Amino acid sequence: MKNSALLIFATILFSHTINAQLKPVKYADGSQALNGLAIKPAKKSGNNPGILLLPAWLGIDNASKGIAENLSKLGYTVFIADIYGEGNYPKNTSEAGKQAGFYKTNYKAYQKRINLALQELIKSGANADNIVIIGYCFGGTGVLEAARGHLNVKGVASFHGGLGKDAARPATPITAKVLICHGADDPYASKEEIAAFQQEMRDSKADWQMIYYADSVHSFTNPEAGNDNSKGAAYNPVAAKRAFEHLKLFLDEVLKK
Numbered sequence: 021m022k023n024s025a026l027l028i029f030a031t032i033l034f035s036h037t038i039n040a041q042l043k044p045v046k047y048a049d050g051s052q053a054l055n056g057l058a059i060k061p062a063k064k065s066g067n068n069p070g071i072l073l074l075p076a077w078l079g080i081d082n083a084s085k086g087i088a089e090n091l092s093k094l095g096y097t098v099f100i101a102d103i104y105g106e107g108n109y110p111k112n113t114s115e116a117g118k119q120a121g122f123y124k125t126n127y128k129a130y131q132k133r134i135n136l137a138l139q140e141l142i143k144s145g146a147n148a149d150n151i152v153i154i155g156y157c158f159g160g161t162g163v164l165e166a167a168r169g170h171l172n173v174k175g176v177a178s179f180h181g182g183l184g185k186d187a188a189r190p191a192t193p194i195t196a197k198v199l200i201c202h203g204a205d206d207p208y209a210s211k212e213e214i215a216a217f218q219q220e221m222r223d224s225k226a227d228w229q230m231i232y233y234a235d236s237v238h239s240f241t242n243p244e245a246g247n248d249n250s251k252g253a254a255y256n257p258v259a260a261k262r263a264f265e266h267l268k269l270f271l272d273e274v275l276k277k
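This is the structure in structure tokens:
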């Protein structure tokens, strides 16, 4: 009965097939065409809180659409960023790895694409001074780059995202509040990377928190990731539900409604 309830929760949380409110938005980085998605809140509030969502390494997917829809029901204007751009969308994980790897290395280009999407969120109706950026996997790496790049956001939340940066890059003060939701058994984040990230947060004087979820590996929030932890990436409905509740608490803390 408990598992059935969790599956029903996941279906509601991530379903994207019946909501027609997600609207395509064309924007650009110079000559590079970009295609994002925007959604208005079900009930508008006076402070117009906004959420910029950075998707995983395959680009805008079912999971990111479902999360955006669910957040709109809670009163947030949401924009899903297009990082790669038209003509560059990966067809498989091999291509995704190369694309994501480019932006992880060329972090200033990543920060620029994130900032362009941030401006589109504001154009969609979000208050420029009342925004949080959330990201999943590759997008989770991106939210940290947004914080490191001092984008004008109140907070950032990373879900099973990459945490590392080039050790040669100095730690600079981070003013955005930081939430990290991490699978306790994620094989793609080494102990060394985690330790270096936590030290960076201390050196940056950041207001940060890191939550670990038991029996969870990479992609634990994505129902399309399968359920075999031995593959390194798998869905965990219990952890996904807890992580979403932690996100809601974080949003309630840092954004004005």
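Here the sequence shown stands for residues 21 to 277, where the numbers follow this note's numbering. Glycine residues also receive a C-beta, built at the ideal position from the N, C-alpha and C atoms. Note that the structure is predicted; figures quoted are calculated from it, not measured.
My output table needs one value for residue i: the three-state DSSP class, helix, strand or coil.
| i | result |
| --- | --- |
| D102 | coil |
| G159 | helix |
| I87 | helix |
| H180 | coil |
| I154 | strand |
| N39 | Legend: pLDDT at N39 = 47, less than 50; position of this residue unreliable, value from coordinates given subsequently. Residue state, collapsed to three classes: coil. |
| I200 | strand |
| V45 | strand |
| T281 | In the structure as shown, the chain begins at 21 and stops at 277. Residue 281 is therefore absent and cannot be evaluated. |
| H238 | strand |
Taking just the CA atoms, how far does residue j sit from residue i?
| i | j | result |
| --- | --- | --- |
| K143 | T195 | 24 Å |
| P44 | P75 | 15 Å |
| G181 | A204 | 13 Å |
| P257 | F122 | 31 Å |
| S60 | I71 | Note on residue identity: the sequence assigns Lys, not Ser, to residue 60. So the alpha carbons of these two residues sit roughly 11 Å apart. |
| N242 | G159 | 13 Å |
| D49 | T161 | 20 Å |
| N39 | G56 | Low local confidence applies: a pLDDT of 47 at N39 is under 50, so the model's placement there is unreliable, with the coordinate-based value given in what follows. Roughly 16 Å separates the two Cα atoms. |
| L269 | A137 | 24 Å |
| G95 | Q52 | 32 Å |
| I154 | F99 | 10 Å |
| E244 | D102 | 20 Å |
| G252 | E140 | 34 Å |
| K197 | K225 | 10 Å |
| W77 | S65 | 32 Å |
| V163 | K132 | 12 Å |
| N249 | Y208 | 12 Å |
| L73 | E212 | 27 Å |
| N247 | K124 | 28 Å |
Please tell me whether residue i and residue j are closer than 8 Å, where the distance is taken between their beta carbons.
| i | j | result |
| --- | --- | --- |
| I134 | E165 | yes |
| Y47 | G79 | no |
| Y156 | S236 | no |
| Q119 | N112 | no |
| N126 | N67 | no |
| A177 | L199 | yes |
Within 10 Å of its beta-carbon, does residue i have 16 or more other beta-carbons around it, so buried, or fewer, so exposed?
| i | result |
| --- | --- |
| K276 | exposed |
| P69 | buried |
| P193 | exposed |
| A188 | exposed |
| S210 | exposed |
| A260 | buried |
| H170 | exposed |
| E273 | exposed |
| A234 | exposed |
| G86 | buried |
| L27 | Its pLDDT being 46, under 50, L27 is placed unreliably by the model, and the measurement read from it follows with that caveat. Label assigned to L27: exposed. |
Comparing C-alpha positions only, which one of the options sits nearest to residue i?
| i | options | result |
| --- | --- | --- |
| K93 | D206, K63, N150 | K63 |
| D206 | Y232, G56, K225 | Y232 |
| L1 | N67, K118, A263, Q219 | In the structure displayed, the chain extends from 21 to 277; residue 1 sits before or after that span and is not available. |
| E89 | A116, Q41, E115 | Q41 |
| E265 | A58, S51, S65, L91 | L91 |
| A282 | E140, D81, V98 | No information on residue 282 is available, as it lies outside the stretch 21 to 277 that the chain covers here. |
| F240 | A254, D186, M230, Q229 | A254 |
| K185 | R168, N172, K174, R222 | R168 |
| D227 | S65, A191, A129, G175 | G175 |
| Q229 | Y208, C201, N249, K128 | C201 |
| M221 | A191, K124, L271, K132 | A191 |
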